[in-house]
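Below is one structure, written out as structure tokens; comments come after it.
Protein chains: 2
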Amino acid sequence: MPGNLTADLTLDCGDCPIRHRAVCARCDSDELQSLDEIKYYRSFEAGQSIVWSGDRMEFVGSVVSGIATLTQTMEDGRTQMVGLLLPSDFVGRPGREAAAYDVVATTDLVMCCFRKKPFEEMMMRTPHIAQRLLEMTLDELDAAREWMLVLGRKTAREKIASLLSIIARRDATLKLSPSNGTMVFDLPLTREAMADYLGLTLETVSRQISSLKRDGVIELAGKRHVTIPDFDRLLEEAGDDNDGGMLA
Amino acid sequence: MPGNLTADLTLDCGDCPIRHRAVCARCDSDELQSLDEIKYYRSFEAGQSIVWSGDRMEFVGSVVSGIATLTQTMEDGRTQMVGLLLPSDFVGRPGREAAAYDVVATTDLVMCCFRKKPFEEMMMRTPHIAQRLLEMTLDELDAAREWMLVLGRKTAREKIASLLSIIARRDATLKLSPSNGTMVFDLPLTREAMADYLGLTLETVSRQISSLKRDGVIELAGKRHVTIPDFDRLLEEAGDDNDGGMLA
DNA sequence: AGATAACTTTGACCCAGATCAATCCCGAGA
DNA sequence: TCTCGGGATTGATCTGGGTCAAAGTTATCT
């Protein structure tokens, strides 16, 4: 099992191309084995819904590639994104019957799924997996609460900067970022999706991105390819001033 | 152990005046015993800080009486409340060293505390306690995400109605509500605290409360004593239209 | 009872972000 | 290459909620 910076949070899972952050590294090979037996892959196309809020959810699993979002919708159509799922993120609630949110693939997506029942049984038999899931859920709770501050108190410009810093930070964890300090990545979200995450309209998102670009905080090539010349500057714009360490 | 509607989520704990929702009812008396050995009570005055964000937190526990809040603050003083802790709510993170938020008693408060280390050890020995904590944390995560919708997409009036419905619902679970359908309770928060929870200013909170009162959605006796003549009406105003089932 | 201070309400005005409405851009397909 | 269509941008205008300011209300303390 090759070590890396998240080694203690992850588990190589058979021939799975990603390391599941869901499950802890102390798992021995028997547990690995039983994980392998209940797992399968599913692919989704960009825009495809994975589950609807209220649906029975028969699996849990990790995102292998692509991006998915968790959203809530009011009767009149107002929507709020409540989570962004990037590769290695865990999806689903052991112990819950129904999905609480709409889960949608925003890009082409591959998931590594575990059938829920057997996964739950394994969790019962393997106390430190429940403990690891508790830890992960606490992380998600922190991320959600951090996001409450963004939604409740930050300006549109700060909101955009916060979102960019999260994506940049997260992206940098996956692909190593160029060493001169600049960060480069592709925005995985449309302006509309960003607006739904930030509690804004897509027009405001567009205007603020233009403004950040004008001010040299970010550079844009095409609509999606972003360069951050100075990450600390971005954090300042986000009102975080050092950490900004949210993220699901 | 007297049964009540939350029996399967709670545990009578020695001479403790509340039932801890933290720990599951399947605990046998040995576990009860070990809980008793590591527990102690602490009182806090209204306005007193319980822990500051970043401080070492040496206990976990339940609120016995009174109200506490979790808040985050930006350098420039903007604050966002991210959690409201009512009697029987659990406080603290097994497995976490430092507090992530400021925890403040907004009324006089009594907590039943367990020293963190021994509690964590008991959690290790008792798998279904970790599972129960996971379940609770998932509930909190749902509540936080529900609140993201409130913060990101609801109008000021809807925000106030949402908060009132949460408090009313929660209060009704504790003291049984009068059977004619009206609900009566005392607001446990100042206008400013409500504003911090809702991402508003205290002036806007005051105006919207006056407006809801003018429209007969709520009745006020003094500044704090609230009567809800028609709870469904309140839920409509909150934009929830049936459920509104958030809450920490 | 009177006084002080903390909380609340209400008013007047302003502005960040929403809304409505054109374009504009760029990638996919013929 | 042209054309089509779904983002994305930009402009003009409007408005919900913020800001600043002045009373009004309790509650507590002496």
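Protein sequences appear in the order of chains A and B. Residue numbering for the first sequence follows the numbering used here, beginning at 61 and increasing consecutively. Residue numbering for the second sequence follows the numbering used here, beginning at 61 and increasing consecutively. C-beta atoms are modelled at their ideal positions from N, C-alpha and C, and glycine is treated no differently.
*Ordered along the chain, which non-local residues of its own chain (more than five positions away) have a Cβ less than 8 Å from that of methionine 117 of chain A?*
Along the first sequence, read from residue 1 onward, the residue named residue 117 of chain A stands at position 57. For methionine 117 of chain A, where only same-chain residues beyond five positions count, the Cβ hits under 8 Å are Val111, Gly152, Arg153, Arg156, Glu157, Ala158, Ala159, Lys176.
*For the stretch 120-148 of chain A, which segments carrying the beta strand (DSSP E) assignment without a break, of at least 3 residues, lie completely within its bounds, in sequence order?*
Segments of the beta strand (DSSP E) lying fully in the stretch 120-148 of chain A: 128-133, 139-145.
*Please confirm if tryptophan 46 of chain B has its CB atom under 8 Å from at least one CB of chain A.*
With chain B covering 61 to 308 only, the question about residue 46 of chain B has no answer from this structure.
*asked:* Which same chain residues end up closer than 8 Å to aspartate 300 of chain B when comparing Cβ atoms and leaving out the 5 residues on each side of it in sequence?
replied: Your numbering for residue 300 of chain B matches position 240 in the second sequence. In chain order, Ser222, Ser225 place their CB closer than 8 Å to the CB of aspartate 300 of chain B, counting only its own chain and leaving out the 5 sequence neighbours on each side.
_Extract the residue ranges of the alpha helix (DSSP H) inside the stretch 256-299 of chain A, only unbroken runs of 4 or more that lie entirely within it._
Here the runs fully enclosed are 262-274, 291-297.
*asked:* When you compare the CB of glycine 155 of chain B with every CB in chain A, is at least one pair closer than 8 Å?
replied: If you number the second sequence from 1, residue 155 of chain B lands on position 95. Answer yes: the Cβ-Cβ gap between glycine 155 of chain B and chain A drops below 8 Å somewhere.
*Give the range of the alpha helix (DSSP H) segment to which leucine 169 of chain B is assigned.*
Indexing the second sequence from 1 puts residue 169 of chain B at position 109. Premise fails: leucine 169 of chain B lies in the beta strand (DSSP E), 169-175, not in any alpha helix (DSSP H).
_Cβ-based contacts, 9 Å cut-off: residues of the stretch 161-184 of chain A near chain B_ = The residues in question are Tyr161, Met183, Met184.
_Between the alpha carbons of valine 123 of chain A and serine 103 of chain A, how many angstroms are there, rounded?_
Looking up residue 123 of chain A in the first sequence gives position 63. Looking up residue 103 of chain A in the first sequence gives position 43. Spanning the two alpha carbons is a distance of roughly 10 Å.
_Segment contact flag, the stretch 127-147 of chain B with the stretch 165-181 of chain B, C-beta cutoff 8 Å, min 3 pairs_ = Short answer: they touch.
*Can you find a C-beta in chain B that's less than 8 Å from the C-beta of methionine 208 of chain A?*
By 1-based counting over the first sequence, the position of residue 208 of chain A is 148. The Cβ of methionine 208 of chain A sits closer than 8 Å to at least one Cβ of chain B.
*Give the residues of chain A in contact with glutamine 268 of chain B, contact being defined as C-beta atoms less than 8 Å apart.*
Taking the first residue of the second sequence as 1, we reach residue 268 of chain B at position 208. Here the premise fails: no neighbours, minimum Cβ distance about 16 Å.
_Can you tell me whether aspartate 199 of chain A is helix, strand or coil according to DSSP?_
Against the first sequence, residue 199 of chain A aligns to sequence position 139. Helix.
*Which bits of chain B does alanine 190 of chain A rub up against, with CB to CB less than 8 Å?*
Start at 1 with the first residue of the first sequence, and residue 190 of chain A comes out as number 130. Here the neighbours are Pro187, Ala190, Gln191, Leu194.
_Please tell me whether leucine 140 of chain B has its Cβ less than 8 Å away from any Cβ of chain A._
The sequence position of residue 140 of chain B within the second sequence is 80, counting from 1. According to the sequence provided, residue 140 of chain B is glutamine. The question's leucine does not apply to it. Yes - at least one Cβ of chain A is within 8 Å of the one on glutamine 140 of chain B.
*So, is the C-beta of methionine 134 of chain A closer than 8 Å to a C-beta in chain B?*
Within the first sequence, the letter at position 74 stands for residue 134 of chain A. At a cut-off of 8 Å between C-beta atoms, methionine 134 of chain A counts as an interface residue with respect to chain B.
*When the Cα of glutamate 296 of chain A is compared with those of A:Gly282, A:Val277, A:Leu211, which residue comes out closest?*
As a first step, residue 296 of chain A must be located in the first sequence, where it is residue number 236. For glutamate 296 of chain A, the nearest C-alpha among the options comes from A:Val277.
*Could you tell me which residues DSSP puts in a beta bridge with aspartate 162 of chain B?*
Along the second sequence, one-based indexing puts residue 162 of chain B at 102. DSSP, once it has assigned bridges, lists B:Thr131 as partnering aspartate 162 of chain B.
*asked:* Less than 7 Å between C-beta atoms, sequence neighbours within five positions excluded: which residues of the same chain meet that for valine 170 of chain A?
replied: Here residue 170 of chain A refers to the residue found at position 110 when the first sequence is read from its first residue. So the qualifying residues of the chain are Tyr101, Ser103, Val124, Ser125, Gly126.
*Taking all protein chains shown into account, decide if alanine 253 of chain A is buried (16 or more other Cβ within 10 angstroms of its Cβ) or exposed.*
Walking along the first sequence from the start, residue 253 of chain A turns up at place 193. Counting Cβ neighbours within 10 Å, alanine 253 of chain A comes out buried, since at least 16 surround it.
*Kindly indicate if chain B contains any beta-carbon less than 8 Å away from that of phenylalanine 197 of chain A.*
Here residue 197 of chain A refers to the residue found at position 137 when the first sequence is read from its first residue. In the sequence under discussion, the amino acid at residue 197 of chain A is threonine, which differs from the phenylalanine named in the question. In terms of beta-carbon proximity, threonine 197 of chain A lines the interface with chain B, with at least one pair separated by less than 8 Å.
*Chain-ordered chain B contacts of leucine 201 of chain A [CB-CB under 7 Å]*: Position 141 of the first sequence, counting from 1, holds the residue named residue 201 of chain A. Those are Thr197, Glu200, Leu201, Ala204, listed as they occur along chain B.
_Please report whether the beta-carbon of arginine 213 of chain B lies at a distance below 8 Å from any beta-carbon of chain A._
Taking the first residue of the second sequence as 1, we reach residue 213 of chain B at position 153. Yes, arginine 213 of chain B counts as interfacial toward chain A.
*glycine 121 of chain A: contacting residues in chain B (beta-carbon distance under 7 Å)*: For the purposes of this step, residue 121 of chain A is taken as the residue at position 61 of the first sequence. The contacting residues do not exist; glycine 121 of chain A stays about 16 Å from chain B at best.
*Where does arginine 251 of chain A fall in DSSP's three states?*
On the first sequence, position 191 is the one that residue 251 of chain A refers to. In this structure, arginine 251 of chain A counts as helix in the three-state DSSP scheme.
_Rounded C-alpha distance that separates leucine 280 of chain B from leucine 201 of chain A_ = If you number the second sequence from 1, residue 280 of chain B lands on position 220. If you number the first sequence from 1, residue 201 of chain A lands on position 141. Using only the alpha carbons, I get a separation of about 35 Å.
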